[in-house]
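First up is the structure itself, then whatever we jot down about it.
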Amino acid sequence: MKVASDSFVKMHFKFRLKDGSIAEDTENYNRPFIFQMGQGCFTDKVENELVGATVGESKRVVLMPEEAFGEKHPASIYSVPKYRFPKDMELEEGLIVSFSQKDGSKLPGLVTEVGENDVTVDFNHPLSGQIIVFEARILDIADEEGKLNEDIAS
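If you count the sequence shown from 1, you need to add 823 to reach this note's numbering.
What follows is the structure, encoded as structure tokens:
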């Protein structure tokens, strides 16, 4: 069976950065990713590359920032007064902080600089602005989700 535009697919995948480091790897958790093609789990470029693949086949797709997690937007980087943070919070570069939205949802941001009175927080996706190399290995393909082989873990 080959991957079709509406197939259910079980696969392992990696997001590799331009420098070769790995940002995500489903094999690290021994948890294959299961999804249905055409449902927006991956970009059109990735899904188009997967169409026609067979079990055991590997695919590699290079994604420019605009094809992956988008460009880094300066408008998504804010200077936040220190008093907006809990007094006992140890603010440092690299800390991920969460802000509550008006609708109750949480928005994570990355602390990129801690000043005397303000903290710079970047709300861009952590992989925005990056060239991503998507690598996948097809483990199983089915026309219905329940028909995927549950015994295949790697």
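Every residue gets a Cβ at the ideal spot worked out from N, C-alpha and C, and that includes glycine.
- PHE838 is bridged by DSSP to GLU847, PHE957.
- Contact between LEU962 and VAL878 holds, since their C-beta atoms are separated by about 7 Å, short of 8 Å.
- A contact is defined here as three or more CB-CB pairs under 8 Å, and the region 889-901 meets this definition with respect to the region 937-957.
- Counting along the chain, no beta strand (DSSP E) covers GLU939, and no H or E run does either.
- For GLU915, the closest C-alpha among the options ASN851, GLU936, SER928 is that of GLU936.
- By the neighbour-count criterion, in which a residue is buried when 16 or more other Cβ atoms sit within 10 angstroms of its Cβ, VAL885 is exposed.
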